[in-house]
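J.: Okay, here's the structure, questions in a sec.
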Amino acid sequence: MLSKGIAAGIPVSNTSYLRLMKHFGRGSDGTAFVLWCHDHMLQRNVMPSRPMAWLMIAKLCELGRTDIAAGLAREYEENGIQLAPSARRILNGELGQ
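Numbering-wise, full-length UniProt numbering puts 75 at position 75 of the sequence shown, and it's gapless, one number per residue.
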């Protein structure tokens, strides 16, 4: 139901994205799903909350995509979202090596 609402263009909160991430952001489609959530938020001028930003970065790292995670982390920091120290390590290239 939630995904149908998103597809229909109904405004969605960070909480809704968190629910979607927990249920659908798994497996080989996980990277595409995280990027879809990110793009969907940008299209609706919704900046992720700090927990949401961290969840997306953590999910990408879990999927082995630290390159994309670092890019998102930089983008979020440039937009004023202060990330956790773990995300800072991603930015500095200390994880996933």
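Just so you know, even glycine gets a beta-carbon here, dropped at the ideal spot from N, CA and C.
CA-CA distance, residue 76 and residue 50?
T.: 9 Å
J.: With distance defined between alpha-carbon atoms, name the residue in 43, 44 and 69 nearest to residue 55.
T.: 69
J.: Please report how far the alpha carbon of residue 71 lies from the alpha carbon of residue 45, in whole angstroms.
T.: 19 Å
J.: Rounded to whole angstroms, what is the Cα-Cα separation between residue 42 and residue 67?
T.: 20 Å
J.: DSSP state of residue 43, grouped into three classes?
T.: If DSSP states are grouped into helix, strand and coil, residue 43 belongs with the helices.
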